[in-house]
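Quick note on numbering: the sequence shown equals residues 69 to 184 in our numbering.
Each residue gets a CB set at the ideal place from its N, CA and C atoms; glycine is no exception.
In this text, all values refer to a predicted model and were calculated from it rather than measured experimentally.
As structure tokens, the structure follows; a few thoughts come after it.
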Amino acid sequence: QVQLLESGGGLVQPGGSLKLSCAASGGIFSLNYMAWYRQVPGKQRELVAGITSGGNTNYADSVKGRFTISRDYTKNTVYLQMNSMKPEDTAVYYCSTVTPGSAIYWGQGTQVTVSS
């Protein structure tokens, strides 16, 4: 059973930094696409950043230059380093993985709040 466990969320001041982690278990993830999404109440979940099995990355325009996604294959973990954070980054952040067979799995989410 695939499980994704996010951690690292919390409260940060504008301009500050947070690093999210997502530990995957219950499968082999080295071939999977892994991504971070976020959602605020009343809006659709949006892609923040993704990383392929080969290490290629993609980012939402709103976070380019501020956020960095990375993965540790030995730990089956994906990270999201968030710098220069803004109040509009406030959301629940979800980790996601997509298998080569296109099965999608989600974590339970972690709250990130950017406020002074």
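How many angstroms separate the CA atom of residue i from the CA atom of residue j?
| i | j | result |
| --- | --- | --- |
| Tyr162 | Leu79 | 16 Å |
| Val180 | Thr158 | 5 Å |
Helix, strand or coil: which one does DSSP assign to residue i?
| i | result |
| --- | --- |
| Asp140 | strand |
Where do the ends of the beta strand (DSSP E) carrying residue i lie?
| i | result |
| --- | --- |
| Leu99 | Leu99 -> no beta strand (DSSP E), and no H or E assigned at all. |
| Val182 | 178 to 182 |
| Val166 | 159 to 166 |
| Thr125 | 125 to 127 |
| Val116 | 114 to 119 |
With 16 as the cutoff for other CB atoms within 10 Å, does residue i come out buried or exposed?
| i | result |
| --- | --- |
| Ile119 | buried |
Cβ of residue i within 8 Å of Cβ of residue j?
| i | j | result |
| --- | --- | --- |
| Ala117 | Phe135 | yes |
| Val160 | Thr178 | yes |
Would you verify that the beta carbon of residue i is, or is not, closer than 8 Å to some beta carbon of chain D?
| i | result |
| --- | --- |
| Met150 | You won't find chain D in this structure, because it holds only one protein chain. |
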